[in-house]
Amino acid sequence: MTKRVLITGGAGFIGSYLTERLLNLGYNVWVIDNLSAGSAKNIQHLLKRRNFRFVKGEISNKQLMKNLMKHTTRIWHLAATMGVRRIMEQPLESFKNNIESTHTILSLAANKKIPVLITSSSEVYGKNPYLPFEESADRIYGNIQSARWGYALAKAVNEFLALGYLWQKKLPCIIVRLFNVIGPRQTSASGMVVPTFVQQALSRKPITVYGDGTQTRCFVDVEDIVSSLITLMETKKAFGETFDVGSDEEIKMIELARLVKKLTKSSSDILLIPYKKVYNSPFEDVMRSKPSLTKIRKFINFKPNFTLKESLKKIIDYAKTNF
Ligand code: UDP
Numbered sequence: 174m175t176k177r178v179l180i181t182g183g184a185g186f187i188g189s190y191l192t193e194r195l196l197n198l199g200y201n202v203w204v205i206d207n208l209s210a211g212s213a214k215n216i217q218h219l220l221k222r223r224n225f226r227f228v229k230g231e232i233s234n235k236q237l238m239k240n241l242m243k244h245t246t247r248i249w250h251l252a253a254t255m256g257v258r259r260i261m262e263q264p265l266e267s268f269k270n271n272i273e274s275t276h277t278i279l280s281l282a283a284n285k286k287i288p289v290l291i292t293s294s295s296e297v298y299g300k301n302p303y304l305p306f307e308e309s310a311d312r313i314y315g316n317i318q319s320a321r322w323g324y325a326l327a328k329a330v331n332e333f334l335a336l337g338y339l340w341q342k343k344l345p346c347i348i349v350r351l352f353n354v355i356g357p358r359q360t361s362a363s364g365m366v367v368p369t370f371v372q373q374a375l376s377r378k379p380i381t382v383y384g385d386g387t388q389t390r391c392f393v394d395v396e397d398i399v400s401s402l403i404t405l406m407e408t409k410k411a412f413g414e415t416f417d418v419g420s421d422e423e424i425k426m427i428e429l430a431r432l433v434k435k436l437t438k439s440s441s442d443i444l445l446i447p448y449k450k451v452y453n454s455p456f457e458d459v460m461r462s463k464p465s466l467t468k469i470r471k472f473i474n475f476k477p478n479f480t481l482k483e484s485l486k487k488i489i490d491y492a493k494t495n496f
């Protein structure tokens, strides 16, 4: 019998790529998504596949989740409220939903010892100034009045819940801290920088660089991330471990704006916008973020296949035909 697996958030940006890849590998894939951030469009092309089942529903519906887990052999838990803009606008939902949904998944999976991979975030490191972020590094968070740190805290709580279920209930689980994943299908709705810049450049609107533009990020292609999420699940010794996964190609946001402008051949101006004008409430940016790839290389020989420039070209081509 084909192995049945469950993906939460499988209609989302990363989830839809994971779904497609697993279907191509011959898995029987069930997806649950409430389509709050994900979109039916992302999985439209998969609906006719024989081994695919999509359920629109809420993780908070425990009976539904129990039914979905009945014959499930693996769970990738990707569903989350995320994106800095969304978190700043809906701090309560973001904090509550992220913790409650992860707890539901972990507790139900633990009852049946179903292996789970949970996706965490580079945000858990907060504003730790020591780069690259080693998995064992300290977490440094700012003023609690800034909603951003609530998201970081929720992700850290989720990791701790996973570890609790691992230690006390022997739940086989893997924690993956994702660093700035990009690719076609990612929308600017949650404020993510790459789709925002690309859309601005293509529509010849000003490219909005927040702060002084010296803050850095490392962007990784969604295809590379999906490969790692599948390989980790197939790697026995990865269970019980936490991994940074991303790229170590670091770029300043002002340089990213210039690169997007160049690749789109846009006439857009590049504007520096003070954070105060972007957010109504206190906001603190993470000034630098970079994963340590030492551990993930050691475990699964991970290496991103796409450079930032290659990913941007794919994203721009997609945006030209889809927006
Ligand atoms: N950013 C920006 N202009 C935008 C959106 C974001 O300059 O229109 C900056 C943002 O302040 C941050 C970086 O881009 O320094 C990455 O933001 P994103 O929300 O994509 O990811 P995260 O901050 O969660 O790493």
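Residue numbers 174 to 496, in the working numbering, belong to the letters of the sequence shown in order. Note that the Cβ used here is the ideal one computed from N, Cα and C, for glycine as well. Keep in mind it's a predicted model, so treat the numbers as computed, not measured.
Could you check if residue i is buried or exposed, using at least 16 other CB atoms within 10 Å of its CB as the buried criterion?
i, result
"Phe-333", "exposed"
"Asp-394", "buried"
"Gly-157", "No statement about residue 157 is possible, as the shown extent of the chain runs from 174 to 496 and does not include it."
"Gln-217", "exposed"
"Gln-328", "What sits at residue 328 in the sequence shown is Lys, not Gln. So Lys-328 ends up on the buried side."
"Leu-445", "exposed"
"Ala-362", "exposed"
"Ala-527", "The question about residue 527 has no answer, for the chain in this structure spans 174 to 496."
"Ser-309", "exposed"
"Ser-233", "exposed"
"Met-238", "buried"
"Gln-341", "exposed"
"Asp-490", "exposed"
"Arg-223", "exposed"
Relative to the ligand UDP, is the shortest distance from any of its heavy atoms to the C-beta of residue i smaller than 6 Å?
i, result
"Thr-292", "no"
"Thr-381", "yes"
"Gln-388", "yes"
"Val-366", "yes"
"Asp-458", "yes"
"Pro-261", "The residue you asked about is not Pro; residue 261 is Met in the sequence shown. Answer for Met-261: no, Cβ out of range of the ligand UDP."
"Val-257", "yes"
"Thr-369", "yes"
"Asn-353", "yes"
"Met-426", "yes"
Output yes if chain C places a C-beta closer than 7 Å to the C-beta of residue i; else output no.
i, result
"Val-178", "Given the protein chain composition of this structure (a single chain), no chain C is represented."
Please classify residue i: does DSSP put it in a helix, a strand, or coil?
i, result
"Asn-478", "coil"
"Phe-186", "helix"
"Glu-423", "strand"
"Pro-302", "coil"
"Phe-370", "helix"
"Leu-195", "helix"
"His-500", "This structure cannot settle anything about residue 500, because the visible part of the chain is limited to 174 through 496."
"Asp-397", "helix"
"Arg-177", "strand"
"Val-289", "strand"
"Asn-240", "helix"
"Pro-264", "helix"
Count the CB pairs spanning the segment 314-325 and the segment 399-416 that are closer than 8 Å, and state whether there are at least three.
no
Three or more C-beta pairs under 8 Å: does that hold for the segment 374-386 against the segment 269-283? no
Discussion item. Does the contact criterion of 3 or more C-beta pairs under 8 Å hold for the segment 292-309 versus the segment 411-423?
Written reply: yes
>> Closer than 8 Å is the cut-off here; do at least three beta carbon pairs connect the segment 428-439 with the segment 283-298?
In response: no
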